[in-house]
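According to the working numbering, the stretch in the sequence shown is residues 508 to 805, in order. The beta-carbon is built from N, C-alpha and C at its ideal position, and this holds for glycine as well. The structure presented is a predicted model; accordingly, all values stated were derived computationally and were not measured. Comments concern the structure below.
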Amino acid sequence: MALDQNRFGLSCAITTPMRAGGDIDLPRLVKHARHVLAQGCDSVTLFGTTGEGAALGLPARTAMLGALVGAGIDPATKIYAGVAAASLHESIEQAKVALGIGAKGLLVAPPFYFKGVSDEGLYAWFSQFFEKLGPAARNTVLYHIPSVTAVDISIDLVERLKKAFPGIVIGVKDSSGDYSNTEALLKAHGELAILVGDERQLAKAVRNGAQGTICGLANLTPHLLRPMVYEGAESAVVNKLVDEIVSYPVLAAVKALVGHLHGDAGYGAMRPPLEPLSEAQRQRVIAAFDSITQAKAA
């Protein structure tokens with residue numbers, strides 16, 4: 508199955524290495540970013556859900572972006588930045604930090620504190636966001652993750668935003684886990700980059716027009732995900748890995764496995780209130796990961 512190579516592709520929702528107490532571990536971040544890019548990721552997306560983005564303030568964001576750029580990772584082609592805040596002001600400041608350092612684009616979640624908000628209210632919020640960014644606004648992927656935000660980005664809202672901000676709203680990341688929603692996005696907005704968060708749905712979505720993914724499993728197996736993104740190829744191994752990882756606190760499990768791949772348990776620390784896996788959990792998920800991936804290799 509030949510697919511257009513000029514697609515969004517495979518972006519790693521990169522985990523954020525922490526030191527004990529929650530400070531960012533910049534050397535480990537740089538090492539891991541270089542690793543996933545070398546293993547097949549087209550880009551990294553900082554400050555997403557897997558990266559504990561909603562817990563990261565402007566100083567941490569500035570330091571992390573600076574560390575990657577300082578390490579020679581080209582922001583204009585290799586870095587997207589998540590935006591996640593309850594206030595419009597904070598969201599704009601997060602975006603300015605990323606765009607100012609040259610990031611290729613943004614992954615923008617809706618404001619998540621107030622619930623039951625209307626499309627009209629969200630349209631006004633996003634409109635002010637883009638207008639206040641002005642000419643700097645570019646390459647924005649709308650982030651639909653209602654399990655976390657409890658705020659929907661509806662099909663109709665995407666329609667209004669893409670028409671009001673052409674060339675700025677370039678895509679939607681669907682992390683709803685509901686494939687019928689992905690289908691609806693593809694049908695209504697197929698000219699945009701429709702991205703899938705649940706790796707188990709990725710290949711099917713790609714075969715039906717999706718342009719790729721920003722996902723947590725890309726921290727671990729970019730080489731398995733790349734054929735899914737560029738060929739629409741199914742992967743039983745990916746499905747098994749996701750089923751295993753989601754049986755644990757997902758962010759902590761991904762960090763434990765990143766540490767396993769690097770031979771460095773220091774990757775497992777979390778920023779409170781999140782907690783790392785227990786040692787027993789860590790050993791179980793590592794054993795399962797090795798069993799699943801080694802069976803594939805055999």
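Buried or exposed: residue i, going by 16 or more other Cβ atoms within 10 Å of its Cβ?
| i | result |
| --- | --- |
| Val655 | exposed |
| His651 | buried |
| Leu575 | buried |
| Phe796 | buried |
| Glu706 | buried |
| Pro618 | buried |
| Ser683 | buried |
| Arg526 | exposed |
| Ser742 | buried |
| Leu565 | exposed |
Among the candidates the options, whose CA atom is the shortest distance from the CA of residue i?
| i | options | result |
| --- | --- | --- |
| Pro783 | Lys694, Glu600, Gly529, Val537 | Gly529 |
| Leu563 | Thr584, Ala802, Ala588 | Ala588 |
| Cys722 | Lys538, Lys680, Leu565 | Lys680 |
| Asp750 | Ile799, Lys622, Gly573 | Ile799 |
| Val745 | Pro729, Tyr755, Tyr737 | Pro729 |
| Ala591 | Ala583, Phe515, Leu748, Leu613 | Leu613 |
| Cys519 | Ala743, Lys538, Thr557 | Thr557 |
| Leu709 | Leu692, Val736, Arg791 | Val736 |
| Ile793 | Leu748, Ala776, Met777 | Leu748 |
| Ala583 | Asp549, Gly770, Ile662 | Asp549 |
| Ser625 | Val658, Asp771, Ala787, Gly555 | Val658 |
| Lys669 | Ala605, Ala763, Phe633, Glu597 | Phe633 |
| Tyr686 | Pro673, Val713, Glu698 | Val713 |
| Met777 | Ala740, Phe672, Ala763 | Ala763 |
| Pro642 | Ile660, Ala602, Leu553, Gly579 | Ala602 |
Does DSSP put residue i in a helix, in a strand, or in coil?
| i | result |
| --- | --- |
| Thr569 | helix |
| Asp797 | helix |
| Val713 | helix |
| Ser598 | helix |
| Trp777 | Residue identity differs from the one stated: residue 777 is Met in this sequence, not Trp. If DSSP states are grouped into helix, strand and coil, Met777 belongs with coil. |
| Lys680 | strand |
| Pro582 | helix |
| Val624 | coil |
| Thr523 | coil |
| Gly607 | helix |
| Ala700 | strand |
| Gly612 | strand |
| Val551 | strand |
| Arg561 | Reading the sequence as shown, one finds Ala at residue 561 and not Arg. Ala561 falls in the helix class under three-state DSSP. |
| Ser754 | coil |
| Ala588 | strand |
| Gly727 | Per the sequence shown, the amino acid found at residue 727 is Leu instead of Gly. Reduced to three states, the DSSP call for Leu727 is coil. |
| Ile531 | strand |
Among the residues of its own chain, which have a CB less than 8 Å from the CB of residue i, if the five just before and after it don't count?
| i | result |
| --- | --- |
| Ile599 | Phe636, Lys639, Leu640 |
| Leu781 | Glu559, Ala562, Pro756, Leu758, Ala759 |
| Arg667 | Asp626, Tyr630 |
What residues in its chain sit with their C-beta under 6 Å from that of residue i, if we drop five residues either side in the sequence?
| i | result |
| --- | --- |
| Pro524 | Asp532, Arg535, Leu536, Tyr774 |
| Val765 | Thr522, Asn726, Tyr774 |
| Ala700 | Phe515, Ile677, Gly678, Gln718 |
| Leu693 | Ile701, Asn715, Gly716 |
Tell me which same chain residues have a C-beta within less than 7 Å of the C-beta of residue i, skipping the five on either side of it?
| i | result |
| --- | --- |
| Ala644 | Phe637, Ile675 |
| Thr647 | Gly612, Leu613, Val615, Ile675, Val676, Ile677 |
| Arg733 | Leu517, Gly547 |
| Leu664 | Asp626, Leu629, Tyr630 |
| Gln788 | Tyr755 |
Examine chain D for any beta-carbon lying closer than 8 Å to the beta-carbon of residue i, and answer yes or no.
| i | result |
| --- | --- |
| Val703 | No chain D is part of this structure, which consists of one protein chain only. |
Hey, residue i and residue j are a contact pair by Cβ (cut 8 Å); roughly how many whole angstroms apart?
| i | j | result |
| --- | --- | --- |
| Val551 | Ala540 | 5 Å |
| Thr569 | Val543 | Actually they are not in contact, since the Cβ atoms of Thr569 and Val543 sit about 22 Å apart, beyond 8 Å. |
Looking at residue i and the ligand ADP, is the gap between the Cβ and the nearest heavy atom below 7 Å?
| i | result |
| --- | --- |
| Pro653 | With respect to the ligand ADP, the structure offers nothing, as it holds no ligand at all. |
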